[in-house]
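S.K.: Before I ask anything, here is the structure I am working with.
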Amino acid sequence: EPEVTQTPSHQVTQMGQEVILRCVPISNHLYFYWYRQILGQKVEFLVSFYNNEISEKSEIFDDQFSVERPDGSNFTLKIRSTKLEDSAMYFCASSGGQGGYTFGSGTRLTVV
Amino acid sequence: AQSVTQPDIHITVSEGASLELRCNYSYGATPYLFWYVQSPGQGLQLLLKYFSGDTLVQGIKGFEAEFKRSQSSFNLRKPSVHWSDAAEYFCAFTGGGNKLTFGTGTQLKVEL
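If you're matching them up, the sequences are chains Y and V in order.
When the first sequence is numbered by our numbering, its final residue is 438 and no position is left out of the sequence of numbers.
When the second sequence is numbered by our numbering, its final residue is 124 and no position is left out of the sequence of numbers.
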């Protein structure tokens, strides 16, 4: 069964550093998403991406965040200057439309 | 506002007992509804989804859910719980857009 692959599985970074979280969505999917889950809390929507542009973003997704699809397979989330409160599990998801979402196994980001 | 509510934060059941996890949504039309399961430190696994048609949907691992429009509910059920079902369960929905909105989750504990 096709999978969404996320790397790395765990990243530790110092406050103020830039991080890039990587995702390889399912190849024939057209919609891409990032969600995050702070420890013990619910999963929150960050951003959706379609046709090489952001289609929707949440209030969380401020200027510190950016997404990119640099080639035909990767989908990245960049946090420019990490803060302690960015520590969370970040999930990538892709969809072929009409609700066929598949989530990756997540990247646990720890900001120290 | 569009939202999904899971009223039970924690539920404990005995192995072999039946299970029902509650989910209520607030949305002006019929949403697409999902149940996901998350084991500790793991990603989100789709149990089942409802788009339209038969209001009783079958999922993986012996789970089912019933969509009740009159009650704005989409409760998850399992006739006989196994110890391996202990995990966190998230109800989610999407309406006109593509993003998923998650509930706060229900932590299921199974007593042997």
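Note that beta-carbon positions come from the ideal geometry of N, C-alpha and C, so glycine has one too.
With Y/Pro334 and Y/Cys418 assumed to form a contact (beta carbons below 8 Å), what rounded beta-carbon distance in angstroms separates them?
M.R.: Y/Pro334 to Y/Cys418, Cβ: 12 Å. No contact.
S.K.: So if I threshold CB-CB distances at 8 Å, which residues from the segment 107-123 of chain V count as touching chain Y?
M.R.: Against chain Y - using a Cβ distance shorter than 8 Å - the residues of the segment 107-123 of chain V are Gly109, Asn110, Lys111, Leu112, Thr113, Phe114, Gly115, Thr116 and Gly117.
S.K.: Within 10 angstroms of its Cβ, does V/Ile13 collect 16 or more other Cβ (buried), or is it exposed?
M.R.: It should be pointed out that residue 13 of chain V corresponds to Ala in this sequence rather than to Ile. Classification for V/Ala13: exposed.
S.K.: Taking the Cβ atom as the reference point for each residue, do Y/Leu356 and Y/Gly422 lie within a distance shorter than 8 Å?
M.R.: Contact: yes.
S.K.: Given a cut-off of 8 Å, decide if Y/Thr402 and Y/Met341 are closer than it, judged by their beta-carbon atoms.
M.R.: Not a contact, by the Cβ cut-off of 8 Å.
S.K.: Could you tell me whether the Cβ of Y/Glu327 comes closer than 8 Å to any Cβ of chain V?
M.R.: No, no contact with chain V.
S.K.: Compare the C-beta of Y/Tyr416 with all C-beta atoms of chain V and state if any pair is closer than 8 Å.
M.R.: Y/Tyr416 does not count as touching chain V.
S.K.: Any C-beta of chain V sitting closer than 8 Å to the C-beta of Y/Glu382?
M.R.: So, interface residue.
S.K.: Determine, for Y/Val438, whether the minimum Cβ-Cβ distance to residues of chain V falls below 8 Å.
M.R.: No, no contact with chain V.
S.K.: Leaving out the 5 sequence neighbours to the left and right, which residues in its chain are closer than 6 Å to Y/Pro328 when beta-carbon positions are compared?
M.R.: Once the five neighbours on either side are set aside, the close Cβ partners of Y/Pro328 are Ile352.
S.K.: Note down, in chain order, every chain Y residue with its Cβ under 8 Å from the Cβ of V/Leu88.
M.R.: By Cβ distance, chain Y contributes nothing, its closest Cβ being about 16 Å from V/Leu88, past 8 Å.
S.K.: So, using beta-carbon positions, are V/Val93 and V/Val49 closer together than 8 Å?
M.R.: The answer is no: Cβ separation not under 8 Å.
S.K.: So, under 8 Å CB-CB, V/Thr118 and V/Glu100 are touching, yes? Tell me the CB distance rounded to an integer number of Å.
M.R.: The pair is a contact, with the Cβ atoms about 7 Å apart (cut-off 8 Å).
S.K.: Is Y/Ile364 near Y/Ala414, with beta carbons less than 8 Å apart?
M.R.: Contact: yes.
S.K.: Whole angstroms is fine: what's the gap from V/Leu124's alpha carbon to V/Leu31's?
M.R.: Taking the straight line from one Cα to the other gives about 15 Å.
S.K.: Can you grab the Cα-Cα spacing for the pair V/Pro19 / Y/Leu372, in whole Å?
M.R.: Computed Cα separation, rounded: 24 Å.
S.K.: Alpha carbon to alpha carbon, what distance is there between V/Cys35 and V/Gly74?
M.R.: Rounded to whole angstroms, V/Gly74 to V/Cys35 spans 18 Å at the Cα level.
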